[in-house]
Amino acid sequence: LMERLSEIGSIVRETRSVMDLGSLIHFLSRIRVKLNDPQPSLNDLIRLMHPTPALGAFPRGEGALRMLWEFREKLGAPPQFGAPFGVTWQGEFRSVVAIRNVSWSGSEMRLPSGCGIIRESRFDREWRELALKRNSVKALLGV
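Those letters in the sequence shown? Residues 409 to 551, by the numbering used here.
Here you go:
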């Protein structure tokens, strides 16, 4: 992500911090980009950010992204899972990646979860992390 964003501006990455969410912790990495002129469109910015390596294919390539979308469709993951959500306010664009979300249709509710798999990942730990993520959202919703 940092490499892609460095092509459009100068980057300031804040020190990574830990966000304590009660039943689990989350690493928080804030990134600020001062855009070069001419500035890219919001659509171009979103395409650069989505999907992030933690939620998508790495290395990022057309074939890997196509496989990711096909796999997510088979699993029934909502299209907005992991998508950037942003707002422009007083000349600044702020964006977050929506990795925790709930979607529903009628009486059916979906609570997707995922994890970033790397070579060093251990299946049992990743599986446990998925359960912790879902359970933390369930606890917040009282279900």
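The beta-carbon is built from N, C-alpha and C at its ideal position, and this holds for glycine as well. These numbers were taken from a predicted model, which means no experiment stands behind them.
With DSSP collapsed to three states, give me the class of residue i.
i	result
Glu381	In the structure displayed, the chain extends from 409 to 551; residue 381 sits before or after that span and is not available.
Phe489	coil
Gly484	coil
Ile454	helix
Asp575	With the chain covering only 409 through 551, there is no way to say anything about residue 575.
Arg527	coil
Val510	coil
Could you work out which residue in the options is closest to residue i when comparing CA atoms only?
i	options	result
Met457	Ile525, Pro492, Arg533, Asp445	Pro492
Leu483	Trp512, Ala539, Ser521, Val545	Ser521
Arg502	Ser529, Ser515, Lys442	Lys442
Ile439	Glu411, Arg527, Arg455	Glu411
Leu548	Val426, Gly430, Glu415, Ile419	Gly430
Val504	Arg424, Glu528, Ser425, Thr460	Thr460
Val545	Arg536, Arg508, Trp512	Arg508
Leu453	Leu409, Ser437, Asn543, Lys541	Leu409
Taking the alpha-carbon positions, what's the residue i to residue j distance?
i	j	result
Ile433	Gly417	31 Å
Arg480	Gly490	11 Å
Asn543	Ile526	23 Å
Are there 16 or more other CB atoms within 10 angstroms of the CB of residue i, so buried, or fewer, so exposed?
i	result
Thr446	It is worth fixing the name first, because residue 446 is Pro in this sequence and not Thr. Pro446 comes out exposed.
Pro487	exposed
Leu450	exposed
Leu473	exposed
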